[in-house]
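Undergrad: Numbering (my numbering), first residue to last: 18 to 107. Every residue, glycine too, gets a C-beta built ideally from N, C-alpha and C. Here it is, the structure in full.
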C-alpha cells in the first residue's frame, strides 16, 4: 500500500454560516493557513482529512466582497496546489 500523502487539491468554499463542530463532520482538522496574495489576504483556510486519508482545504466564504475577493481566493488556491474549487451554499 502506498503511504505517500495525497495532495489536498480540492478547496471547498463554505458560503453558509456553520458552527465549527459542523465542519468536523467533513473530516479531521489537520492545519490552518492564511495566504497573502496580490489581491489581498485569504484565510483562514483549514486543511482537513477524511477517514480514508484524503485531504482537502475548507474556507469560509461569507461576508463583504472585499473579504471574499474571488481573484485572491483563486490565487491562494493555486499557491496551495488546489486543482478544483467547489462552492457550498444554502
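Looking at the unbroken beta strand (DSSP E) that takes in residue 62, where does it start and where does it end?
TA: 57 to 66
Undergrad: Take the Cβ of residue 98 as the centre, count every other Cβ of all protein chains shown within 10 Å, and call the residue buried at 16 or more, exposed below.
TA: exposed
Undergrad: How many Å lie between residue 100 and residue 26 at the Cα?
TA: 5 Å
Undergrad: What number of angstroms, rounded off, separates the C-alpha of residue 37 from the C-alpha of residue 66?
TA: 15 Å
Undergrad: With distance defined between alpha-carbon atoms, name the residue in 104, 28, 106, 96 nearest to residue 53.
TA: 96
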